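So the protein sequences, as listed, match chains A and B. In our numbering, each residue's number is its place in the first sequence (first place is 1) plus 548. In our numbering, each residue's number is its place in the second sequence (first place is 1) plus 548. One structure is given below, encoded as structure tokens.
Protein chains: 2
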Amino acid sequence: MLSVEPPEVERGLKPEAVLAAAKKLFMERGYGATSMDDIAKRAKVGKATVYEHFQNKEELFAAVVTRECRGHSALVEALNAGDGDLRARLVRFARVFLDVLIRPDMIAIYRTIIAETVRAPQLGTAFYENGPLRVRNALVPWLSEAARRGELALDDPERAAVDLISLVRADLHLRALFAVPTLPGLVEKDELARAAVDRFLKAYAPPVA
Amino acid sequence: MLSVEPPEVERGLKPEAVLAAAKKLFMERGYGATSMDDIAKRAKVGKATVYEHFQNKEELFAAVVTRECRGHSALVEALNAGDGDLRARLVRFARVFLDVLIRPDMIAIYRTIIAETVRAPQLGTAFYENGPLRVRNALVPWLSEAARRGELALDDPERAAVDLISLVRADLHLRALFAVPTLPGLVEKDELARAAVDRFLKAYAPPVA
DNA sequence: GTCTATATACAGATAGAC
DNA sequence: GTCTATCTGTATATAGAC
Numbered sequence: 549m550l551s552v553e554p555p556e557v558e559r560g561l562k563p564e565a566v567l568a569a570a571k572k573l574f575m576e577r578g579y580g581a582t583s584m585d586d587i588a589k590r591a592k593v594g595k596a597t598v599y600e601h602f603q604n605k606e607e608l609f610a611a612v613v614t615r616e617c618r619g620h621s622a623l624v625e626a627l628n629a630g631d632g633d634l635r636a637r638l639v640r641f642a643r644v645f646l647d648v649l650i651r652p653d654m655i656a657i658y659r660t661i662i663a664e665t666v667r668a669p670q671l672g673t674a675f676y677e678n679g680p681l682r683v684r685n686a687l688v689p690w691l692s693e694a695a696r697r698g699e700l701a702l703d704d705p706e707r708a709a710v711d712l713i714s715l716v717r718a719d720l721h722l723r724a725l726f727a728v729p730t731l732p733g734l735v736e737k738d739e740l741a742r743a744a745v746d747r748f749l750k751a752y753a754p755p756v757a
Numbered sequence: 549m550l551s552v553e554p555p556e557v558e559r560g561l562k563p564e565a566v567l568a569a570a571k572k573l574f575m576e577r578g579y580g581a582t583s584m585d586d587i588a589k590r591a592k593v594g595k596a597t598v599y600e601h602f603q604n605k606e607e608l609f610a611a612v613v614t615r616e617c618r619g620h621s622a623l624v625e626a627l628n629a630g631d632g633d634l635r636a637r638l639v640r641f642a643r644v645f646l647d648v649l650i651r652p653d654m655i656a657i658y659r660t661i662i663a664e665t666v667r668a669p670q671l672g673t674a675f676y677e678n679g680p681l682r683v684r685n686a687l688v689p690w691l692s693e694a695a696r697r698g699e700l701a702l703d704d705p706e707r708a709a710v711d712l713i714s715l716v717r718a719d720l721h722l723r724a725l726f727a728v729p730t731l732p733g734l735v736e737k738d739e740l741a742r743a744a745v746d747r748f749l750k751a752y753a754p755p756v757a
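Here is the structure:
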């Protein structure tokens, strides 16, 4: 017998649509400029349905943010994947990092969360610890190992991780956050990643003995 | 004859009070969460008076931002002031830079402008060009000169300026923007400034020949 | 669970007295 | 220029039908 009832798969379909719409709108317009009406309209559900699944606007926003923290996970995974010498692996990391960092949707997430940190500090802290900090922490054991092999001279691996990230990020993140028009293309990003890693390697080069 | 009329000094006193109140509230609560009523109340003027001097909320916000761009000028001035060798001057710059960067009111400005860049990109761009970019540009001729004297090895002074700033900024700016509790005290800032400059000098050290 | 219609509150902006 | 009082739109959140 063929059923015309909605399949089991559709369970939780509405909340999913609400989350997707909320993400899109929060990121495009920011928290304050997005209304629950807009979200309901875009998700093609009634407004009361939104409130059925999320207690209020603040909680819906938090749900969106929690999800987006995982955007950093691609980076963390790229760290352990692949082989090659130290420089090749650092360059590969730098390249992925750059890409993710200034992707329009990632910039939108940063903007929106930084904005709401004014009134909801714990939201900002949670994002930082589940996002940027995890990337840094994933670099640490890797750099420590390189130091143990004598390829790097460092006494503070966490600081070294921060420095590597800082050199790769350079002014690109701020420029993107402030909507300064000139952003690098694909080719330039390759070049920037290589240059940043070279400078990092020189700053942390072991003495020539 | 003694006049009971308000003295000439009081000309423009109301607009000044409005600007001060607007700055305080915009920075504390963000643009969206601040109402024109709040601003008028805090400035102790009628709401219509606010609209007498500023066409609308957006323009008032822009006026506040324009003023605050000058917060970076202290940095630019600190660059040309004082003497000492290259390292000493770089450390002095780094120390001032760190201080200004994570001062609560500067963080508030960054947060608020980044938030509004979503809907008013030209505002973000203007702030970047009149703030962070000016600091970078002020460093350029100074680093170029050091390179000419053979104290640094660099072919791209702008890139070197960005790297110096990046190493000093490290993760402190992001941590502050996301309200991560642990921020450095006075002593740690001295230490951080010195360490960052040392790493910069090593990354740009001329060949020993 | 889902919708339409609505209660309630407050925002930005203005009219008109002084 | 400055104020009080008000217009008008729109936001969050809910009541009640299905």
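Glycine residues also receive a C-beta, built at the ideal position from the N, C-alpha and C atoms. Treat the numbers as computed from the prediction; the structure is a model and nothing was measured.
#### Entry: Between the CA atoms of glutamate 564 of chain A and glutamate 556 of chain A - distance to the nearest angstrom
Only weak support exists for where glutamate 556 of chain A lies, its pLDDT of 39 falling under 50; the coordinates are left without a value.
### Query
Between which two residues does the alpha helix (DSSP H) harbouring threonine 660 of chain B extend?
652-664
### Query
In three-state DSSP terms, what is glutamine 603 of chain B?
coil
### Message
Residues of chain A with CB closer than 8 Å to the CB of glycine 733 of chain B, please, in chain order.
### Response
Result: empty, since nearest Cβ-Cβ is about 17 Å, beyond 8 Å.
#### Entry: Ranges of the alpha helix (DSSP H) found wholly within the segment 557-594 of chain A, counting only runs of at least 4
561-577, 584-591
### Message
Between phenylalanine 574 of chain B and threonine 660 of chain B, how many whole angstroms is the CB-CB distance? I'm expecting something under 8 Å.
### Response
6 Å
### Message
For the segment 560-585 of chain A, list every residue whose C-beta sits within 9 Å of some C-beta in chain B, in sequence order.
### Response
Met575, Glu576, Arg577, Gly578, Tyr579, Gly580, Ala581
### Message
Residues in the same chain with beta-carbon distance under 8 Å from aspartate 585 of chain A, minus the five sequence neighbours each way, listed in chain order, please.
### Response
Lys595
### Query
Excluding the five sequence neighbours on either side, which residues of its own chain have a C-beta within less than 8 Å of the C-beta of serine 551 of chain B, listed in chain order?
Residue placement at serine 551 of chain B is poorly supported in this model, since its pLDDT is 43, which falls under 50; the coordinates still yield a value, given next. Nothing listed; no residue qualifies.
### Task
Taking lysine 750 of chain A as the query, report the chain B residues whose CB atoms sit under 9 Å from its CB, ordered along the chain.
Lys750, Ala751, Tyr752, Ala753
### Query
Going straight from the alpha carbon of proline 554 of chain B to that of alanine 591 of chain B, what length do you get?
Residue placement at proline 554 of chain B cannot be trusted, given a pLDDT of 45 that sits under 50; the coordinates are not used to answer.
### Message
Below 8 Å on C-beta distance, what does valine 613 of chain A contact in chain B?
### Response
Per Cβ cutoff of 8 Å: no residues; valine 613 of chain A is ~11 Å from chain B at best.
### Query
To the nearest angstrom, how far is it from the Cα of aspartate 719 of chain B to the Cα of glutamate 600 of chain B?
43 Å
### Rounded separation between arginine 667 of chain B and arginine 577 of chain A - CA only
6 Å
### Task
Specify, as a first and last residue, the run of the alpha helix (DSSP H) that leucine 687 of chain B falls within.
680-696
### valine 624 of chain A (DSSP reduced to helix, strand or coil)
helix
### Query
Are any of the Cβ atoms in chain B nearer than 8 Å to that of serine 521 of chain A?
Nothing in the structure corresponds to residue 521 of chain A, since chain A is present only between 549 and 757.
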